[in-house]
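Student:
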Amino acid sequence: MGLCLPCLGGAADQVVETPDPELRRQQLAEAAEKRQMEAASRGIKNLSSVEQKKRKQEEMEKRLESGSHESEKGNLRWQVG
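With the UniProt record's numbering, letter number 68 in the sequence shown gets 68, and the count goes up by one each step, no holes.
(1) For Lys34, does the three-state DSSP call read helix, strand or coil?
(2) When DSSP labels each residue in this structure, what does Lys62 get in the three-state scheme?
(3) Quick one: what does DSSP say Glu51 is sitting in, helix, strand or coil?
(4) Could you compute how far the alpha carbon of Gln57 sits from the alpha carbon of Ile44?
(5) Do you know offhand how far Leu47's Cα is from Ser41's?
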């Protein structure tokens, strides 16, 4: 029968030491950030194009919002007839 002890038979070379807890925490944080980036861009071929369209949409919404406030302030009258 064989024994699975690292001190016998040169198996000590194959033992992997656990990294420093701070280093491990940093690696886990980087991996989580990478997964979030991949999930956010999943199915999108050109991420910069999507971001640019999003900014344009936000600008248009701001313009529409500011335009509706201006028309409320103004003396616009409708003539029905």
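Virtual Cβ for every residue (Gly too), placed ideally from N, Cα, C.
Tutor: For this structure:
(1) Here the question's residue 34 lines up with position 34 in the sequence shown. DSSP places Lys34 in helix when its eight states are reduced to three.
(2) Here residue 62 refers to the residue found at position 62 when the sequence shown is read from its first residue. Lys62: helix per DSSP, three-state reduction.
(3) Here residue 51 corresponds to residue number 51 of the sequence shown, with the count starting at 1. Glu51 falls in the helix class under three-state DSSP.
(4) The sequence position of residue 57 within the sequence shown is 57, counting from 1. The sequence position of residue 44 within the sequence shown is 44, counting from 1. Cα to Cα, Gln57 sits roughly 18 Å from Ile44.
(5) On the sequence shown, position 47 is the one that residue 47 refers to. On the sequence shown, position 41 is the one that residue 41 refers to. Cα to Cα, the separation comes out at about 7 Å.
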